[in-house]
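In UniProt numbering, the protein residues as written are 1 to 102.
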């Protein structure tokens, strides 16, 4: 199946420690169209603290989806290039694309 590029949009995400499980997870950055509680399914490398410290911000090409009517989540293909963003770049990105939450 081909990847439909029109379904994907740029999303700023960050790695963080999940307070319930203690694991490193990837979540959307606050201030975008997506709630920070929305799960992000992406490459495991982004949540590996040996490669990227907790709190690292990334720019992903992701789409909102669900699995057979389950809870919605953001899906980013694991083969896309990793783009690390600095704090100022994330702030500028969010300001340019500020929308209501989904």
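Yeah, the Cβ is synthetic: ideal placement off N, Cα and C, and Gly gets one too.
Have a look at residue 113 and residue 76 and give me their C-alpha separation to the nearest angstrom.
-> Residue coverage of the chain in this structure runs from 1 to 102, which leaves residue 113 outside it and unanswerable.
Mind checking residue 68: buried by the 16 CB within 10 Å criterion, or exposed?
-> exposed
Enumerate in chain order the residues of its own chain whose CB-to-CB distance from residue 14 is below 6 angstroms, with the five nearest sequence positions on each side excluded.
-> Exclusion of the five residues before and after residue 14 leaves 29, 57 as the residues of its chain whose Cβ lies within less than 6 angstroms of its Cβ.
List in chain order: all unbroken beta strand (DSSP E) runs of 3+ residues lying wholly within the stretch 24-80.
-> The stretch 24-80 contains, as complete beta strand (DSSP E) runs of 3+ residues, the segments 24-28, 57-65, 73-76 (chain order).
Below 7 angstroms CB to CB, which residues in the same chain sit around residue 106 once its five sequence neighbours on both sides are set aside?
-> For residue 106 there is no data in the structure shown, the boundaries of the chain being 1 and 102.
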